[in-house]
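*Asks:* Per this note's numbering, residue 174 is the first one in the sequence shown, and the count goes up by one each step.
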Amino acid sequence: MDKLHDINFYKKVHYSELIQMFTKAASFDENNRFENVERLILEMYKTDGFKLELEECVNLLLAIGRFRKCGVMLIDRVVEDIKHYTNELEFDHLTKILINLSKVNYNNRGFVRHLANMMLSFVDEDSILDPFTISNTIKSFGRFSYYNEKLIKILMSIMEKEEVLAEFQLHDLVTIFTSISKILSSNSVNYTKLNINRYMRMLANKISTSDINTETAMKLINASGRILYNYERFLNTLIESINLNEVDDLSKLCKLKINCDKLSLFYPELNTRIREIERTLRPVADEAIETDKQPEGKSISEESDMEDFERTIYVRRNIIHRDLRLPSVRKRKWTY
174 MDKLHDINFY KKVHYSELIQ MFTKAASFDE NNRFENVERL ILEMYKTDGF
224 KLELEECVNL LLAIGRFRKC GVMLIDRVVE DIKHYTNELE FDHLTKILIN
274 LSKVNYNNRG FVRHLANMML SFVDEDSILD PFTISNTIKS FGRFSYYNEK
324 LIKILMSIME KEEVLAEFQL HDLVTIFTSI SKILSSNSVN YTKLNINRYM
374 RMLANKISTS DINTETAMKL INASGRILYN YERFLNTLIE SINLNEVDDL
424 SKLCKLKINC DKLSLFYPEL NTRIREIERT LRPVADEAIE TDKQPEGKSI
474 SEESDMEDFE RTIYVRRNII HRDLRLPSVR KRKWTY
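1) Tell me where the alpha helix (DSSP H) around residue 390 begins and ends.
2) What residues in its chain sit with their C-beta under 6 Å from that of residue 390, if we drop five residues either side in the sequence?
3) With 16 as the cutoff for other CB atoms within 10 Å, does residue 315 come out buried or exposed?
4) Would you call the region 290-298 and the region 335-344 in contact, with 3 or more CB pairs under 8 Å?
5) What residue range is occupied by the uninterrupted alpha helix (DSSP H) comprising residue 236?
6) Does the beta-carbon distance from residue 248 to residue 270 come in below 8 Å?
7) Are the region 266-285 and the region 231-246 touching by the rule of at least three beta carbon pairs closer than 8 Å?
8) Between which two residues does the alpha helix (DSSP H) carrying residue 303 extend?
9) In terms of residue numbering, what span does the alpha helix (DSSP H) encompassing residue 283 cover?
10) Output the distance between the C-alpha atoms of residue 241 and residue 283, rounded to the nearest integer angstrom.
11) Is the beta carbon of residue 417 closer than 8 Å to that of residue 147?
12) Just to confirm, is the Cβ distance from residue 223 to residue 275 under 8 Å?
13) Indicate the three-state DSSP secondary structure (helix, strand or coil) for residue 266 in the structure shown.
14) Three-state secondary structure (DSSP) at residue 315?
15) Pull up the CB-CB distance for residue 432 and residue 398, whole angstroms please, since I reckon it's below 8 Å.
16) Give every residue of the same chain whose Cβ lies closer than 6 Å to the Cβ of residue 279, excluding the five residues on either side of it in the sequence, and list them in chain order.
17) With distance defined between alpha-carbon atoms, name the residue in 326, 346 and 320 nearest to residue 304.
18) How would you write the range of the alpha helix (DSSP H) that residue 359 sits in, first residue to last?
19) Helix, strand or coil: which one does DSSP assign to residue 223?
20) Just the C-alpha distance for residue 375 and residue 444, rounded to the nearest angstrom, thanks.
21) So the candidates are 381, 360, 253 and 289; which of them puts its Cα closest to the Cα of residue 265?
22) Let's test the definition: count the other Cβ atoms within 10 Å of the Cβ of residue 260 and tell me whether it reaches 16, buried, or not, exposed.
23) Taking C-alpha atoms, which residue in 340, 309 and 228 lies nearest to residue 325?
24) Tell whether a beta-carbon distance below 8 Å holds between residue 420 and residue 387.
25) Starting from the Cα of residue 402, find the closest Cα among 426, 442 and 358 and give me that residue.
26) Residue 409: buried (16+ other C-beta within 10 angstroms of its C-beta) or exposed?
27) Can you tell me the Cα-Cα spacing of residue 491 and residue 277, whole angstroms?
28) In the DSSP assignment, the alpha helix (DSSP H) including residue 245 goes from what residue to what residue?
29) Which value, in whole angstroms, describes the spacing of the CA atoms of residue 323 and residue 311?
30) Kindly indicate the opening and closing residues of the alpha helix (DSSP H) around residue 210.
31) Decide if residue 226 is buried, meaning its Cβ has at least 16 other Cβ atoms within 10 Å, or exposed.
32) Just curious, the alpha helix (DSSP H) that residue 337 is in, first and last residue?
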């Protein structure tokens, strides 16, 4: 790695070897030496007729995805090169290209659509894919907020198979659940009209059997609130998994409250925790001034009760949810 400090090194080594090297060196490239490779390849593109080979394109995108940074100009050129290899692309190429472009948020809608359509020519409901491929493909579409109903249903059908589902870890399931929620909400799609409710319930039931920590439970409730996924048994399990004493971030708690209200969840402890944190954030000087200026005729306890009432956060229910009449979760007990 010491040779990477020498600028002449990049002139002596073939660019394909440099690309391959940096697919493995990303984790310890603290000095951003990848910029040298980027400049070198852009210079190569100035040569008439220069074009990267397919494997070089995929490896370069892999390195870019690991570094999470690169100039758009280089990515544009690589994407144009990939289009020349349409007939040579395999499913493994497509997933690597999609995943690594999503890591740098290169949201070329036309190219993403092209990749999704090509994937449909490689997989169907009888295919077998590993959890990494399924979860990262759906996660990539979530980053792009790109919706392809047919492809999502095929991927979920593959995942539903017993031998495939058994291989999934909790983080894979959470990734898929939150990504699908983002895709559907970003495209204003009602999940109940897509006939994927059984897939969402499959995810929810599988997640419920796992040991869920506070952060994960909050993430899943927020994702459910995005699409109004009101599966009471699942939501009750998530609430029981939350330890509010572990959360000190008021913004996270307020976001959780908004989504709990959307789902008509009965969670009074959340309001109490929000008030507790607000008290700790309130300047002591302001409290002293207000104490000195108590209105006559009110006791200290009455004033304290009034302050607690004023500090309670009330979230106005969005008007589009008023007539949904969602069932309220009244008990912390699973109902069957």
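No residue lacks a Cβ here, since even glycine has one placed at the ideal position from N, Cα and C.
*Replies:* Short version:
1) The residue you call residue 390 lines up with position 217 of the sequence shown. 387-400 is the span of the alpha helix (DSSP H), which, as asked, contains residue 390.
2) Numbered from 1 along the sequence shown, position 217 holds the residue referred to as residue 390. 411, 414 and 415, listed in sequence order.
3) Here residue 315 is taken as the residue at index 142 of the sequence shown, counted from 1. By the neighbour-count rule (16 or more Cβ atoms within 10 Å), residue 315 is buried.
4) With a cut-off of 8 Å, the region 335-344 and the region 290-298 do not count as touching, because too few Cβ pairs lie within range.
5) Here residue 236 is taken as the residue at index 63 of the sequence shown, counted from 1. Per DSSP, residue 236 belongs to the alpha helix (DSSP H) from 227-240.
6) Position 75 of the sequence shown, counted from the start, is the residue given in the question as residue 248. Position 97 of the sequence shown, counted from the start, is the residue given in the question as residue 270. Not a contact, by the Cβ cut-off of 8 Å.
7) The way I'd put it, the region 266-285 does touch the region 231-246; three or more beta-carbon pairs between them come closer than 8 Å.
8) Position 130 of the sequence shown, counted from the first residue, corresponds to residue 303. Where residue 303 is concerned, there is no enclosing alpha helix (DSSP H), given that its DSSP letter is neither H nor E.
9) If you number the sequence shown from 1, residue 283 lands on position 110. Where residue 283 is concerned, the enclosing alpha helix (DSSP H) stretches over 282-293.
10) As a first step, residue 241 must be located in the sequence shown, where it is residue number 68. As a first step, residue 283 must be located in the sequence shown, where it is residue number 110. Between the C-alpha atoms of residue 241 and residue 283 there is a straight-line separation of about 22 Å.
11) Since the first residue of the chain shown is 174 and the last is 509, residue 147 is not available in this structure.
12) On the sequence shown, position 50 is the one that residue 223 refers to. On the sequence shown, position 102 is the one that residue 275 refers to. In this structure, residue 275 does not lie closer than 8 Å to residue 223 by Cβ.
13) For the purposes of this step, residue 266 is identified with residue 93 of the sequence shown, where counting begins at 1. Look at residue 266 here: in three-state DSSP terms it is helix.
14) In the sequence shown, residue 315 corresponds to position 142, counting from 1. Annotated three-state conformation of residue 315 is helix, per DSSP.
15) In the sequence shown, residue 432 corresponds to position 259, counting from 1. In the sequence shown, residue 398 corresponds to position 225, counting from 1. Residue 432 to residue 398, Cβ: 3 Å. Contact.
16) For the purposes of this step, residue 279 is taken as residue 106 along the sequence shown, with counting starting at 1. Taking residue 279 as the centre and dropping the five residues before and after it, the same chain places the C-beta of 248 closer than 6 Å to its C-beta, in chain order.
17) Within the sequence shown, numbered from 1, the residue matching residue 304 stands at position 131. Out of 326, 346 and 320, the CA that lies nearest to the CA of residue 304 is found in 346.
18) In the sequence shown, counting from the first residue as 1, residue 359 sits at position 186. DSSP places residue 359 in the uninterrupted alpha helix (DSSP H) bounded by 343-359.
19) If you number the sequence shown from 1, residue 223 lands on position 50. DSSP places residue 223 in coil when its eight states are reduced to three.
20) Counting from one through the sequence shown, the residue named residue 375 turns up at place 202. Counting from one through the sequence shown, the residue named residue 444 turns up at place 271. Residue 375 and residue 444 have their C-alpha atoms spaced approximately 31 Å apart.
21) As a first step, residue 265 is located in the sequence shown; it is residue number 92 there, counting from the start. Taking only the C-alpha atoms, the option nearest residue 265 is 289.
22) Here residue 260 refers to the residue found at position 87 when the sequence shown is read from its first residue. So residue 260 counts as exposed.
23) Taking the sequence shown and counting its residues from 1, the one referred to as residue 325 is at position 152. When each option's Cα is compared against that of residue 325, the closest is 309.
24) Taking the sequence shown and counting its residues from 1, one reaches residue 420 at position 247. Taking the sequence shown and counting its residues from 1, one reaches residue 387 at position 214. Yes; because the gap between Cβ atoms is below 8 Å, this pair is in contact.
25) As a working mapping, residue 402 is identified with position 229 in the sequence shown. Distance from the Cα of residue 402 is smallest, within the candidate group 426, 442 and 358, for 358.
26) Translated into the one-based positions of the sequence shown, residue 409 becomes position 236. With 16 or more other Cβ atoms within 10 Å, it is buried.
27) Taking the sequence shown and counting its residues from 1, the one referred to as residue 491 is at position 318. Taking the sequence shown and counting its residues from 1, the one referred to as residue 277 is at position 104. Confidence at residue 491 is low in this model, with a pLDDT of 43, below 50, so its placement is unreliable and the value that follows should be read with caution. Rounded to the nearest angstrom, the two C-alpha atoms are 34 Å apart.
28) Counting from 1 along the sequence shown, the entry for residue 245 is found at position 72. Residue range 245-256 is occupied by the alpha helix (DSSP H) that includes residue 245.
29) Taking the first residue of the sequence shown as 1, we reach residue 323 at position 150. Taking the first residue of the sequence shown as 1, we reach residue 311 at position 138. Their backbone Cα atoms lie some 12 Å apart in a straight line.
30) As a first step, residue 210 is located in the sequence shown; it is residue number 37 there, counting from the start. Under the DSSP assignment, residue 210 falls in the alpha helix (DSSP H) whose first and last residues are 207-218.
31) For this step, residue 226 is matched to residue 53 along the sequence shown. Residue environment analysis places residue 226 among the exposed positions, since fewer than 16 neighbouring C-beta atoms fall within 10 angstroms of its C-beta.
32) Along the sequence shown, one-based indexing puts residue 337 at 164. 335-338 is the extent of the alpha helix (DSSP H) around residue 337.
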